[in-house]
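Below you'll find the structure, written out as structure tokens, and then a few comments.
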């Protein structure tokens, strides 16, 4: 194996074989196709769900700059501030176990709708809170509802999209976290001139607005064809695939291939009694691998130093000697724009870049920038070295660029790819559980670290005498461990269809239907395609044959 293969630029033998065997679907141009134009619009609406998490993460970082917010809550610090920020994650952790139960029983759409409604209620409570307790309750509800939207939206997105567009949309989905951050950054910049409680209450009201707007459109968004087939509603599933992927032509080769592969794969999973138990993640080597990667994705995405910037940017810039509230808000908003442009650009290139290379490039870049970030922070705090504070701010921005090249998008995109349908809802539950627990610890422990290592009150404006460089050193060492884990554990998934990626992980044991696109096209031409019997009957027949 050469250096290109080692860093993910070459061709992994197993994945390359799957890529070569992958069906060559008819190329489509979405803006010339009525069905795809509608589907692309629905996909964009689903992508907006990611804005909620970005909005809250940046909101809690920015409002700490407001004197009115600090006066209202008596300038919370340490564990009190950490708890206030972490309540969002506490709410999310509480609701995460419920999401797969509802998503697999009643569908993706009802789960998303429930999440939006709960978030709207939480947003109202947070905005109109007369005291600390009500504000805290609103934050818990926001987090509780967000889990439903954050887990089910990317699932529905991946299961609805045309094969040609799936990877781009599932990758760009999480990149819109930055759009939520950007909107709240500039909203707060504008309201900062109001000088009263509405400077932080108004952005809190807007936090529930995107969900309510999506709720209206959700009425017309179709249900997941994979969910419908699993519920033995295959006629509806075929109608949806035909309507949005081929303008109503049920006998189109792409539609028939998707329908047969999804249907036969789910049938195989159900025949093996392998579709509804959490213990399944521990039964096979492939599933244990998936579980390890899911937890690593969730933890690494939050413990790479990015949490310090998003939730505690005010403290970070103050420690760098930036005392102007306006300057700090402009820096925060500017960084968010850069991160959004980089993440979306890289997300749109996802089909051209190997996953392993993207992860290694991004995480390796963060390790290098964190190393110099720690060094410049130490020089600034201990020696007030000329220009070290400006260099530190530059490195904070560069760190965000490296993070955005991969982690903003592939966090969700890669997780969706490695999970088969039967484990997708539960797998994304584990991913989000890891994310929220990591955020919870981040948001609670980082303020304690700042409190312990910040400069004393006399030198607060310059940061002189502080030791916050120790916090960044911890992150630097941790991110080096991330690079090692990714190098040894992450497999390449670019190329195969959503169902066939399982072969890259499970090998010959993968439960994937063997559907040949050329054969499907021949049958379509010969007009031999018809409705297939009930999936329950065929599952029963498969079990009987095994017996």
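In this note's numbering, the protein residues as written are -8 to 538. Glycine residues also receive a C-beta, built at the ideal position from the N, C-alpha and C atoms. Just so it is clear, the structure is predicted and the values come from calculations on it, not from any experiment.
Check, Outcome
"Which runs of the alpha helix (DSSP H), 4 residues or longer, sit entirely within the region 237 to 279?", "244 to 262 and 271 to 274"
"State yes or no: is the C-beta of residue 68 within less than 8 Å of the C-beta of residue 438?", "yes"
"Using a Cβ-Cβ cut-off of 7 Å (strictly less than) and excluding sequence neighbours within five positions of residue 28, which residues of its own chain qualify?", "21 and 22"
"When you compare only the Cα positions, how much space is there between residue 420 and residue 142?", "7 Å"
"Quick one: what's got a C-beta closer than 6 Å to residue 395's C-beta in the same chain, skipping five residues either side?", "330, 333 and 334"
"Please list, in chain order, all residues of the same chain as residue 504 whose beta carbon is under 6 Å from its beta carbon, the five residues on each side excluded.", "Any reading at residue 504 must be qualified, since the residue scores a pLDDT of 48, below 50, and its modelled position is unreliable; the value itself is stated next. Once the five neighbours on either side are set aside, the close Cβ partners of residue 504 are 252, 255 and 256."
"When you compare the CB positions of residue 426 and residue 292, do they come within less than 8 Å of one another, or not?", "yes"
"CA-CA distance, residue 183 and residue 57?", "7 Å"
"For the region 339 to 377, which segments carrying the alpha helix (DSSP H) assignment without a break, of at least 4 residues, lie completely within its bounds, in sequence order?", "346 to 374"
"Since residue 188 is in the alpha helix (DSSP H), which residue starts that stretch and which ends it?", "Neither: residue 188 is in no alpha helix (DSSP H) and is coded neither H nor E."
"Do residue 51 and residue 76 have their C-beta atoms closer together than 8 Å?", "yes"
"If you scan the region 207 to 237 from start to end, which runs of the alpha helix (DSSP H) of 4 or more residues do you find wholly inside it?", "216 to 221 and 225 to 237"
"Would you kindly work out how many angstroms separate the C-alpha atoms of residue 64 and residue 166, rounded to a whole number?", "32 Å"
"Is the beta carbon of residue 477 within less than 7 Å of some heavy atom of the ligand NAD?", "Absence of the ligand NAD is noted for the structure shown, with no ligands found whatsoever."
"What residues in its chain sit with their C-beta under 6 Å from that of residue 389, if we drop five residues either side in the sequence?", "360"
"So for residue 397, helix, strand or coil by DSSP?", "coil"
"When you compare each of 34, 378, 471 and 103 to residue 157 by their alpha carbons, which one comes out closest?", "34"
"On the three-pair Cβ rule with 8 Å, is the region 365 to 382 touching the region 345 to 357?", "no"
"Is the beta carbon of residue 416 closer than 8 Å to that of residue 94?", "yes"
"Whose CA, out of 83, 268, 31 and 295, lies closest to the CA of residue 362?", "295"
"Could you tell me the alpha carbon to alpha carbon distance between residue -8 and residue 479, rounded to whole angstroms?", "Interpretation of residue -8 is limited by its pLDDT of 48, a score under 50 that renders its predicted location unreliable; no figure is taken from the coordinates."
"How many Å lie between residue 422 and residue 138 at the Cα?", "11 Å"
"By how many angstroms is the C-alpha of residue 178 removed from the C-alpha of residue 36?", "21 Å"
"Does the region 71 to 89 come into contact with the region 121 to 139, if we say contact requires no fewer than three beta-carbon pairs (one atom in each stretch) closer than 8 Å?", "yes"
"Taking C-beta to C-beta, are residue 243 and residue 228 nearer than 8 Å?", "no"
"Go ahead and pull the three-state DSSP assignment for residue 173.", "helix"
"Grouping DSSP H, G and I as helix and E and B as strand, with all else coil, what is residue 387?", "helix"
"So residue 86 packs on residue 168, CB below 8 Å; how close in whole Å?", "Contact flag wrong, Cβ pair sits at about 19 Å."
"Considering Cα atoms alone, identify which of 391, 418 and 340 is closest to residue 159.", "340"
"Kindly indicate which three-state DSSP category residue 474 falls into: helix, strand or coil?", "helix"
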